[in-house]
Structure formats: C-alpha cells, structure tokens
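Number of protein chains: 2
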Amino acid sequence: MQSSRSKPCSCPSLKLREVASMYFTMVAAFLVILVVALQGSVPRESDFPYKVPLDPQGLLELSWNVSYPEQAVHFQLLIRELQFGLLFGMSDRGEFENADLAVLWSDGHNSYFGDAWSDAKGQLHMDSQQDYQLLGARRAPEGLYLLFRRAFSTCDPKDYLIEDGTVHLIYGILEKPVRSLQAINISALHGGLQRVQLLKPNISIPELPSDMKTMEITAPDVVIPSQETTYWCYMAELPAGFPKHHIIMYEPVVTAGNEALVHHMEVFQCAAEFDSFPHYNGPCDSKMKPDRLNYCRHVLAAWAMGAQAFYYPEEAGLAFGGPGSSRYLRLEIHYHNPLVFKGRRDSSGIRLYYTATLRPYDAGIMELGLVYTPVMAIPPGEDNFILTGYCTDKCTQLALPAAGIRIFASQLHTHLAGREVVTVLSRDGRERQVVNADRHYSPHFQEIRMLKEVVAVFPGDELITTCTYNTEDRSRATVGGFGILEEMCVNYVHYYPQTQLELCKSAVDPGYLHRYFNLVNRFNDEEVCMCPQVSVPQQFYSIPWNTFNRDVLKSLYSFAPISVHCNKSSAVRFPGNWEKQPLPSITERLPEPVPHCPPAAGAQPAAPVPLKLGQLRR
Amino acid sequence: MQSSRSKPCSCPSLKLREVASMYFTMVAAFLVILVVALQGSVPRESDFPYKVPLDPQGLLELSWNVSYPEQAVHFQLLIRELQFGLLFGMSDRGEFENADLAVLWSDGHNSYFGDAWSDAKGQLHMDSQQDYQLLGARRAPEGLYLLFRRAFSTCDPKDYLIEDGTVHLIYGILEKPVRSLQAINISALHGGLQRVQLLKPNISIPELPSDMKTMEITAPDVVIPSQETTYWCYMAELPAGFPKHHIIMYEPVVTAGNEALVHHMEVFQCAAEFDSFPHYNGPCDSKMKPDRLNYCRHVLAAWAMGAQAFYYPEEAGLAFGGPGSSRYLRLEIHYHNPLVFKGRRDSSGIRLYYTATLRPYDAGIMELGLVYTPVMAIPPGEDNFILTGYCTDKCTQLALPAAGIRIFASQLHTHLAGREVVTVLSRDGRERQVVNADRHYSPHFQEIRMLKEVVAVFPGDELITTCTYNTEDRSRATVGGFGILEEMCVNYVHYYPQTQLELCKSAVDPGYLHRYFNLVNRFNDEEVCMCPQVSVPQQFYSIPWNTFNRDVLKSLYSFAPISVHCNKSSAVRFPGNWEKQPLPSITERLPEPVPHCPPAAGAQPAAPVPLKLGQLRR
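Chains as they are written, first to last, in full-length UniProt numbering: chain A, 1 to 618; chain B, 1 to 618.
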C-alpha cells in the first residue's frame, strides 16, 4: 500500500503559500447554510481530544472528536508541508481501492475539496453525495488545518460506514498539480495507512482519590533499532514489600518526537510462582532474552496508538502488590519504524495511577473464545472463515456470583489471519447484547477498549465469541495453537468483581472431528479410508481442500458438541462434566443495526467546493 | 389473514358522506410544495393502464402506472363503500405483520392519511418518513378515489422495496371510527391480499399487421361452482385444415362482473401424436375428465389477474395450425371464489390475435431449471432452502445457433413450497444479466411475463436457475417430481428463433447422492450403514434431519457434478456425454442492486396529513 516516488525534476516546484478566506460558489451555497446551521455545534479547535499521526514522519496529524447526539465525527487534519493537496479517507482494511475519500487538490491555480471514492481498480470518482462536509480551513505557522465533518452513516453505498472498533484510515500526498480528481493516479501516490478506534466511547471519568500515587514503567533511554519492527522488552520491579494496591487508571508516556514510532505498549505482571526474575532490557525476540520472561503474561496495562488514558470504574481497581503477587513487571514496546530512522532515543512507557485505599472490588480478566487446540482449523484460501468459541450457561451458572459480574473493557486477540472478532451475550437462547465487536479487526492493532456500555453477565448467561479469518494467502490449513502461523480466537474481558473463573472457552469434540476426517476420506472417489493415526494438524494438512470438504467442516463446527474449558486457571477446571456438551442454541439473533441517515446528507451538492488557497509559490 | 367481524350494534352507524376539498396544515406544507413540484408529472385519472380488484367483491379497485424515469408508482385506489377508512400496503408474502401501509382513517370527525408500518406483532406505527405521498382525493358517484405515489425504493428500513416480479398487496377495511393509528387492531380487520406484478415492463407495442384476425377461446357460459377454488377445463378446436399461422398477441376476455373471480387462464395446445381429443367442459379434477386431456400441455397463452395483453416481438410469432400441429386446444380457468357466490355465469377466456403472414421467426419455449427427479430434495423445516438447475455451456454450445437466441418472456414455475425463482445468464464464468427474477414468487400467481429487456443468449452461455423453498410446515423431506407435494424448479423461457433445444436442465449426479446417504448414515453415533437399497425418496424420508445433515446436503448440491438434460424433446437428448458434468463455476457475481433513494423522500413530514372529508353521516 505504501509507495513513494521522487518528484520529477522537470516539474516546477510549486507549493501553496498561504490560505486566504474561503469563498463559496453558488453551487456551494448549501455549504454556507450548513455551516450557519451548525454554528452552535461547530467545535472549537481546542476541542479535539483524540490525536494520531497518520504518517511515520508525523507530517499529517489527525485530531478528532465524536458527537454521539449528532452521530458524526469532526476531524481536524494538520498538514505540515502542503504540496498540491492530499487524500484522506477510510477503507475496509486500509486498501486504496474501494475507499471512501476526502480529497483536497490543486491544479496549480485553484484548490478544491470534495468527497470522492475509489473503485476496485483504484480509479477516483467524485461522489454523487458529498458527505465529507468541509467546515473550515486555517493557515497556522505549523501548517494548514482542515476542519471537516462526517456522519457515522450516510446511506450512500459508496461511503464507508463508521462503526465501533478499528477504522483503517488512509492518506495519500499529492506532490504534483492535478487537473481533476479523475486524473489522480492512486498507485503512484506517496501514502499509507493508520489504524485507530475512531468511535471512542463517551465515558464519564470517575472521581480519583486524593491519595492517588503514580508510577512510571518506562524504557530506560532505549535506542530504537533501525528496523521496521521491534518488540522491546524491559523488566521493572516493584519495591520490596510493596503492599496490595489498586491500579485505578493508567496513561501512555510517549517521548516527544516519537509519537509516530511508538505503536503500542503493554505492562505485564510476572507469575507469582517464581521468587525472582532476571533483569533484561532488549529486543523481545533476542536469543539473549531469558526464557523465564515468558512467564510474565498477566496484563496490567495496555495502550495502542490513538488510545487515551484508561480508567477503571469507580467501584473497582486492578490489584497489584501484596502477597501472592509478583514484584516483577515486564514492559513491552512495539516500535514501528518503517522509514528506518537511526539513533532515535526513547523513554516511552506507561504511567500507572494507583491507590492504597482499596476500592470495593478487585477487577479481573477472563479469557473467552476458543481453546488453543488444533481441532479448530481454517481451510486454506478462505476469505472469511468463521470459528466460534462458547462460554456456556453451565459454566457461568457454576462460576459466577448470583449478583453477576460487570464487563467494562475488552481486548480482542487473534494471530495474523484474524479479520473480525465479536462477542455476544445470550440469555435463554436469545442474543441480548454485543459485548464487543470489531468488524475491521486487525491483529496489528490490539488495544484494551473501554466498552460503551458496561455489560452485566449473570449465572446461566452464554458468551459467544466469533472470529473471522482470511487465509487467502495460505496453501495449507491453519490450525489453532500458540504459533504465529497458528490461530487464536480470544476476547480478554475486564470485569468486576473478580471471580475464580479465569477461562471460559470451547473447542469441537475431538471424536466428532475424527468422524469428519473419516467422512472426508470416504467421500473421495476411491471411497477408502486413507488416514493413518496421525496428529490432528497432519490430518488437516492432508485434506484435499475443495468447497465440499470446506463446507462440511463448517457444518461440523456448527453442529458437533463441544469440549468446554471452564477453568479456575489454565490447568484447573471447575468440577463437572465438560466433554460433549451441546452447542448453545440461539433462537433469536440481535437485529442488524439499521444505519440512521441524517436527513441533511442528501442536501449536499454533488460538486467539489472550490477553496481560495492564495497564490502558488514559484 | 382474512378475517371479518360484524359491526357491534351499540356502535352508531357513522359513515363518511362526502369529500370536500383537501386542506393542508402547516405540518403538511411540504406536501403542498411537493404537489406543486409534481404538477407537471401528476398523472391524469385516465392514465392508469393497470387495474386489479383487491377484494373478492370488487369494492376496492386499484389502478396504477409505473414511471421508470421517476422510479415511482402512482396509485389510484377506488373505494366503493367507504366506512371509516382503510389500510393498503405491501408485505413480503401478503402477511399483515411487518407490512408497509398507507392508512386512511377517520375518528368520526376528522380523517387522516399517513404512511405506517406494522411490526412483527401486527401493531401499527406511524412511519418516521412519510413515503406514501398523497396527491389527491376525489369523490365520484362510484366512490372515493385516492391518488398517491410511492417511490420504488425509499431507503427507509420500515418500507417495502418495490421490485420486479410479484408484489403482495394487502388491504384492510376500517368499519369503526378509530382514535389513532395505534388503536387499529389489525387482527380484527376485514382484509385480504392480492398478488400483482406492480412493475410492468415499459415495452413499446409492435406494429400489428393489417391482415390480423382474432379468435376467442372462451368458456361456454359456465356456471362458476360455489366453492373457493375451481380449475375449469374446456376443449376447443381449430377449424379442419387450419394452416400455419403466427399468434402475435393475445389478451384476456373477462365477463363483466367476474373480474374478481377469474384468477388466471391458460390456453394449451394438445399433442400432435393424437388425431383427436374428446370434447370436455367441466372441472379439471373431475373423474369424468378424459385422461387424454393430460396430453394438452403446450402453452399457447397464459394470463393472470392484473396482466394485460401479451405482444410477441415484431420479428416473431407463436406458430399454430398447419401440419404437425394439433387442432385441439384446452382452455383452463382458475376461478377463485372465496365468498362462495352461487350461480354466477362466466364466459371468460383468451382472445388470440394471429396472422397468416408469417413473421421472420417462429417463437419457441425452452424449459430451464431442474430435472423432475427425486435426487433434488429439500429437507423439512427449512425457511429458505435453495436448489439450483443449470443449463451448461456445453449444451448451449451444441444447441444454439451462432447468432444466438433472444429471450423475451418468461414464466416461472414451482409447486407449493416455492418462494423465489431467479434465472441468471453467465458467460465465461461471469454473471452478466438477470433473465427473470421474482423475489416474492408465489406458486399461486404464475403468469407469463414480458421481460424488461430482451436477453441475448449465445452458444457457450450458461443459464442458471435458482429456486428458494419454504418447508417449515412439513415434517418429511420434499423431493423433486410431478406430485403437488413434490417440487419443481422451472423457468419456461419464450424466445426466438425457435431451436431444437426444448429442455436444458440438470440434477445432481446420483452416484454422489449415494455417497451422501452413506456419509449421513455413517456420521450417526452408531457409525454403521443402515441403508438398504431403497428408493431415493425413501432414503430422503429416513434421514434424521438436523443442521449437519441439512448443511452437508447443501454442500453436496453446490459441489457434486451434475447430470445434464440437453434435450430436443423430453425424451431425446442431443448427442454427447451429459453425465458427471462439472458444475459451472462463477468467478464474478452480479452486484446486488443498490437502491436509489429519491432525495425528496427525506423531506416528507413525519406526521399524518389531515383531510377534510366532510360531515359524518348519523
């Protein structure tokens, strides 16, 4: 997706010099009306709480806010070195084809702003309905600010539907004058993508106690390696005798200038079984890294680009310190350095806010989804194959308190083939509520997200986690497991009060899978069983994949009984029979959300808005 | 769906007496603007070419026209005996739940018109977007005329999308004053349904020759039996020595007063193998009916309620008369008499327009879809199970002329479980064109429909016919076959020039079906084969149906090779190997049609329009 091209020397170095006031043509009269109509609600510049750099150099900086009453996002885009305009937009997975774009372009004399879309070949078209609404443009010493608005849903089939979860933002820089929108050659653009959660939940910040203290878990002046991807590991330690506290909030600490390089950061607590852990400060994949660091996997805090501070609900905090809790912490930082900057120093990390005045409840983390086992597999060449993991009514009946638990945050997790993760709460066979859904999930963007609404789960409820995978680039089956080329389907839910239930997951019954292998072998023309007693992955690898074998595997997964892991810890099950359990049956699905379309949307002119951006520099 | 209730005696007999001029409240000011805006295109009353009675008594008469440029239907509804209003609308299959309704109602003092919808429980709600646009109301001696307009597509999720093919219209009569829309109790209404093809194709009528003659094939003053459903059979005869002619048009002849009773009519030509056929005039299911009449199945003409005259394209006509063509014709009339009128006499039928000046091409009829065989079966309890029949590239390559054929009309056919029929033309693995699609198909409404666009089919093209079935009311599998409780999936396409290809259909390879039966038996817990060598229907009936067996049958049908019937007549195949043929592979689907929403739609007020309908009668 990323491509760059040096400017041809024959081209005069034209640059936009200054921005004068905007004017509106008659065609754009609607816009005047709109701006007037919005005056009360047009945000001030200081009013964009979310910010993310779009490109690795930070030349494009996006700030935004979300208005749930208006069902719209207001964007403020800072363009530090404007040339002949830029493309900004959204697409399903960050591709430049089939994208929904706002375009600012100049032909060398005049500048225009318009809502466009790209077709499957990447050709740009002016949209017949203009839904990126330009609200203003302003020149400042640091660059040009563009202010525009987009409704979540426009009901224009050419437009991207802004949903909860990950949004793939794309940008492209126009380095030469362009005569028209249609003349823009997307494949020759210098551009890229940035993933963000656009629709941040609108959560009121709980009151913080006066005895609150802070602790920074930060990298010790690390030199960021001059390579695209680095996972940096640094071991930190709580003071000896540190008593039990509640973490009630945390926030990122990013070294100034490195905003575009620090992709995500996590603080893990180590296992309490070990009295001590070695010090370490280096790449996580280094051979020098002590093996024991693999036992530091309990998430205390996680942040990813574009995320803000994380607040625990006022009744709960995350316990750390005290007996039965390891003093050792592992900080992991993912540096994303595609331009291979050298010698950049970094002291980023996470600042924990904690209190000794314990809140009423300890927060807990529970793992939902699929057991890590090869019996759950994805055929090769699939564009959206679905696997489902169940936390059954029987398990929640046994393990949850009568008053239930409250899920307030969630972190979705798959390996590289994951494209979509959804967890739904079902009660008495009826789907009641989406716990968390990311229809544009990317394994490269896993953050803990506060839920828009806290979800109450009671004994007898079912939690059903569905993951969608893409294996179009693979030639053999992808089985479940820990390996990076194996797959997972997990939702780590953050909840309170903490219970003994750490893990509520499932996998297909192995006996039924065995019948599937027999069936597939017998369905071949030979009608003979060719399968020796080999491992499950080997059996999956030897299947001659075709639509029949693929469809029957799907049918098996949606029919066969399951083995349920209803566990206190990864090795200790709750008492009971958990094998050959019936699949939860769903008699009523949640309705598909009906996009609400703003009535004003249809009134926008189907023509670009000319901008007076002043004289071009020669 | 139909229910009636006598008016309680305690209720004063209030009736609307006269209609004065309409007035608009401020809220309805939009409507004034709209009517003004539409003035140029508001149709005159004489301008509704299509007409159908809604109820069996003919008290409600719907006329309409279709504006393709406006993508809208203009309705004129004649209410002969207005009481306290009525409901008129559309729903998926004629049900009163989840329906899209225009409602005229009176509280005894004031009258209102509004766009409403009913939920899954039949409760009425005012629609937030008013898309049935009232254009006028007029009192005439015969009753009240309501004139209103509805866009095909409104993009309001509560609205019905008017598509090609069958539309289920519903009506309900308000016999008492109602205080509000919400107070209407749908289950207590006197109401019913009527099926029509709303979106009649906009076809220019070919020039008719000066030597055109007519012949009426009509019932000889039949007394309509006093029962709900009668299929009446009457044998007619061409004159001896009648030479070859071309039928170039036909139209219905319906006895005045019986418009609501004559549901559909067909004229069949008998088989040429028999020199003579007995005379007959009586019910088709009578034991007195001679068996030989079963050999009169070649359709010459077919009409169903709401249909107009049928015109052949100017290059073609349907041959009848002359050597090799039977002189005997069978007229079949379906009388629908739910109110069990007694003693009604009827001389309805079809008027054929024919010419001795033969047109360049004979028209032909070709049968597409599934072979009548039990190997194609539908499990019980399915709400939308799909079966597909293929006319393969190999067959069209062999049987069609290089210049191709032109399909200009189509009659879809299934038995009672059919709910949807679609035929698509595919070339080089890419779907190119819909030949005919009825997403609301009903086996009770089978008419020959002229296509909106003539479809050219060339050697090597594939014609793929997909039928969707509902077997929710059945407890055992429904197999393919001739019986009324067995199923068919057929599209009779009318085309020219006539070729030898009479039948281009398919069914799954029986060997693969056998493997399926084995597989299903082995997948049972016992893992033993329980199937003796019994008939295919018996094997289907003995399957313990569950989602797995159902899904695997689906997978089989979309994977296994097919047996192709590429036949000159039902018994004579074209030479070649037609067994174990590969399924046509489709690499590119037709895009889903994107509903085009009129920009004006959003501007309608979300409130009912008050009407001044004058004083109420006491």
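For glycine and all other residues, C-beta sits at the position ideal for the given N, C-alpha and C.
Does the distance from the C-beta atom of residue i to that of residue j stay below 9 Å?
{"i": "residue 457 of chain A", "j": "residue 463 of chain A", "result": "yes"}
{"i": "residue 552 of chain A", "j": "residue 512 of chain A", "result": "no"}
{"i": "residue 507 of chain B", "j": "residue 389 of chain B", "result": "yes"}
{"i": "residue 87 of chain B", "j": "residue 171 of chain B", "result": "yes"}
{"i": "residue 117 of chain A", "j": "residue 178 of chain A", "result": "no"}
{"i": "residue 586 of chain A", "j": "residue 429 of chain A", "result": "yes"}
{"i": "residue 397 of chain B", "j": "residue 459 of chain B", "result": "yes"}
{"i": "residue 180 of chain A", "j": "residue 158 of chain A", "result": "no"}
{"i": "residue 96 of chain B", "j": "residue 191 of chain B", "result": "yes"}
{"i": "residue 122 of chain B", "j": "residue 186 of chain B", "result": "yes"}
{"i": "residue 310 of chain B", "j": "residue 249 of chain B", "result": "yes"}
{"i": "residue 583 of chain B", "j": "residue 559 of chain B", "result": "yes"}
{"i": "residue 449 of chain A", "j": "residue 411 of chain A", "result": "yes"}
{"i": "residue 296 of chain A", "j": "residue 326 of chain A", "result": "yes"}
For residue i, which beta-bridge partners are listed by DSSP?
{"i": "residue 86 of chain A", "result": "A/104 and A/173"}
{"i": "residue 560 of chain B", "result": "Answer by DSSP bridge pairing: none, since residue 560 of chain B is not bridged."}
{"i": "residue 364 of chain A", "result": "A/495"}
{"i": "residue 355 of chain B", "result": "B/246"}
{"i": "residue 212 of chain B", "result": "In the DSSP output, where bridge partners are listed per residue, residue 212 of chain B has none listed."}
{"i": "residue 567 of chain B", "result": "B/503 and B/573"}
{"i": "residue 129 of chain B", "result": "According to DSSP, which records beta bridges pairwise, residue 129 of chain B is partnered with nothing at all."}
{"i": "residue 64 of chain B", "result": "B/50 and B/75"}
{"i": "residue 251 of chain B", "result": "B/351"}
{"i": "residue 91 of chain A", "result": "A/168"}
{"i": "residue 346 of chain B", "result": "B/222"}
{"i": "residue 136 of chain B", "result": "B/147"}
{"i": "residue 236 of chain A", "result": "A/329"}
Could you say which of the options lies nearest to residue i if we only look at CA atoms?
{"i": "residue 488 of chain A", "options": "A/384, A/368 and A/434", "result": "A/368"}
{"i": "residue 514 of chain A", "options": "A/376, A/152 and A/478", "result": "A/376"}
{"i": "residue 500 of chain A", "options": "A/404, A/412 and A/519", "result": "A/404"}
{"i": "residue 475 of chain A", "options": "A/534, A/522 and A/546", "result": "A/546"}
{"i": "residue 225 of chain A", "options": "A/259, A/409 and A/339", "result": "A/339"}
{"i": "residue 79 of chain A", "options": "A/124, A/72 and A/138", "result": "A/138"}
{"i": "residue 102 of chain B", "options": "B/76, B/493 and B/70", "result": "B/76"}
{"i": "residue 209 of chain B", "options": "B/322, B/354, B/433 and B/264", "result": "B/354"}
{"i": "residue 203 of chain A", "options": "A/559, A/408, A/575 and A/145", "result": "A/408"}
{"i": "residue 541 of chain A", "options": "A/558, A/521 and A/559", "result": "A/521"}
{"i": "residue 163 of chain B", "options": "B/284, B/232, B/90 and B/216", "result": "B/90"}
{"i": "residue 419 of chain B", "options": "B/433, B/437 and B/274", "result": "B/437"}
{"i": "residue 534 of chain A", "options": "A/123, A/374, A/55 and A/498", "result": "A/374"}
{"i": "residue 588 of chain B", "options": "B/432, B/141 and B/69", "result": "B/432"}
{"i": "residue 594 of chain A", "options": "B/286, B/156 and B/378", "result": "B/156"}
{"i": "residue 481 of chain B", "options": "B/372, B/561 and B/291", "result": "B/372"}
Quick one: list the residues of chain D neighbouring residue i, beta-carbon separation under 8 Å, in chain order.
{"i": "residue 546 of chain A", "result": "Any reference to chain D falls outside this structure, whose protein chains are A and B."}
Subject >> Minimum length 4: unbroken alpha helix (DSSP H) runs contained in the segment 378-440 of chain A >> reply: Correct list: 393-399.
Original post:
Which ranges does the beta strand (DSSP E) cover as unbroken runs of at least 3 residues, wholly within the segment 255-320 of chain A, from first to last along the chain?
Top reply: Within the segment 255-320 of chain A, the complete beta strand (DSSP E) runs of at least 3 residues fall at 262-269, 281-283, 298-304 and 316-320.
Subject >> Ordered list of beta strand (DSSP E) runs contained in the segment 438-485 of chain B, each at least 3 residues >> reply: With a minimum length of 3 residues, the continuous beta strand (DSSP E) runs that stay inside the segment 438-485 of chain B are 449-457 and 462-469.
Subject >> Members of the UniProt domain "DOMON" (58-174) of chain A that neighbour chain B once the beta carbon cut-off is set at 7 Å >> reply: The UniProt domain "DOMON" (58-174) of chain A vs chain B, Cβ under 7 Å: 155 and 157.
**OP:** Pull out every residue of the segment 490-520 of chain B whose Cβ sits closer than 9 Å to any Cβ of chain A, in chain order.
**Re:** Listed in sequence order: 512, 515, 516, 518 and 519.
Original post:
What residues from the segment 373-384 of chain A come within 8 Å of chain B, judged by C-beta to C-beta, listed N to C?
Top reply: Those residues of the segment 373-384 of chain A that come within reach of chain B (Cβ to Cβ, closer than 8 Å) do not exist; the list is empty.
**OP:** Report the residues of the segment 342-363 of chain B with a CB closer than 9 Å to any CB of chain A, ordered along the chain.
**Re:** Taken residue by residue, none of the segment 342-363 of chain B has a beta-carbon sitting less than 9 Å from a beta-carbon on chain A.
Subject >> Proximal residues, the segment 418-435 of chain A versus chain B, C-beta separation under 9 Å >> reply: Listed in chain order, the positions of the segment 418-435 of chain A with a beta carbon within less than 9 Å of a beta carbon of chain B would be empty, since no residue qualifies.
Original post:
Along the segment 577-596 of chain A, what residues have a CB closer than 8 Å to any CB found in chain B?
Top reply: Against chain B - using a Cβ distance shorter than 8 Å - the residues of the segment 577-596 of chain A are 594.
Subject >> Residues from the segment 462-494 of chain A in contact with chain B, defined by Cβ distance under 7 Å >> reply: Cβ contacts with chain B come from no residue of the segment 462-494 of chain A.
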